[in-house]
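In UniProt numbering, the protein residues as written are 1 to 143. No residue lacks a Cβ here, since even glycine has one placed at the ideal position from N, Cα and C. Read through the structure below, which is laid out as structure tokens, and then see the notes.
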């Protein structure tokens, strides 16, 4: 059986994470800044009593800042260290591409992105970059 991916857009690129890693998707949330935190840590949010670190995925991937954050979405993913919120531009769909369409990330993918991408999937209308949620949230352990 093929794996399902929750997809989202960042700077026009389609990313995906395995559906089983996604706890929930939230509209833009009020975040409390953390003094002296790394630039990619946007802050902390209170998710029904659970304190969740929020990571600006654009900054983490070395992408330019988003001029319009009104449509930003929080994708809360489960990691070995607990829930982490990834701020993305826009949520996509759930896709279930065939297993044969996956391959390692090509050298044309920027190094900062390739470091966090497990593999890519060729779709009819583009490329799906499969994000490694543990590595993407790895800044939390370093903070």
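Through-space distance from residue j to residue i, alpha-carbon basis
| i | j | result |
| --- | --- | --- |
| residue 125 | residue 13 | 12 angstroms |
| residue 102 | residue 110 | 18 angstroms |
| residue 82 | residue 49 | 14 angstroms |
| residue 57 | residue 93 | 18 angstroms |
| residue 95 | residue 35 | 38 angstroms |
| residue 114 | residue 7 | 17 angstroms |
| residue 40 | residue 60 | 5 angstroms |
| residue 98 | residue 68 | 34 angstroms |
| residue 31 | residue 123 | 35 angstroms |
| residue 131 | residue 20 | 13 angstroms |
Start and end residues, beta strand (DSSP E) containing residue i
| i | result |
| --- | --- |
| residue 9 | 5 to 10 |
| residue 54 | 50 to 56 |
| residue 133 | Not the beta strand (DSSP E): residue 133 falls in the alpha helix (DSSP H), residues 133 to 136. |
| residue 62 | It is not in any beta strand (DSSP E) - residue 62 carries neither H nor E in the DSSP assignment. |
| residue 28 | No beta strand (DSSP E) contains residue 28, which DSSP labels as neither H nor E. |
| residue 74 | 73 to 79 |
Per-residue burial, residue i [other beta carbons within 10 Å of its own, 16 or more giving buried]
| i | result |
| --- | --- |
| residue 55 | buried |
| residue 120 | buried |
| residue 89 | buried |
| residue 33 | exposed |
| residue 105 | buried |
CB-CB length for residue i against residue j, believed under 8 angstroms
| i | j | result |
| --- | --- | --- |
| residue 42 | residue 87 | 6 angstroms |
| residue 11 | residue 63 | 4 angstroms |
| residue 84 | residue 22 | With 8 angstroms as the limit, residue 84 and residue 22 do not qualify as a contact, their Cβ atoms being about 11 angstroms apart. |
| residue 80 | residue 134 | 7 angstroms |
Range covered by the alpha helix (DSSP H) that runs through residue i
| i | result |
| --- | --- |
| residue 113 | 111 to 114 |
Any non-hydrogen atom of the ligand MG within 7 angstroms of residue i CB
| i | result |
| --- | --- |
| residue 126 | Although the ligand MG was asked about, the structure shown includes no ligands whatsoever. |
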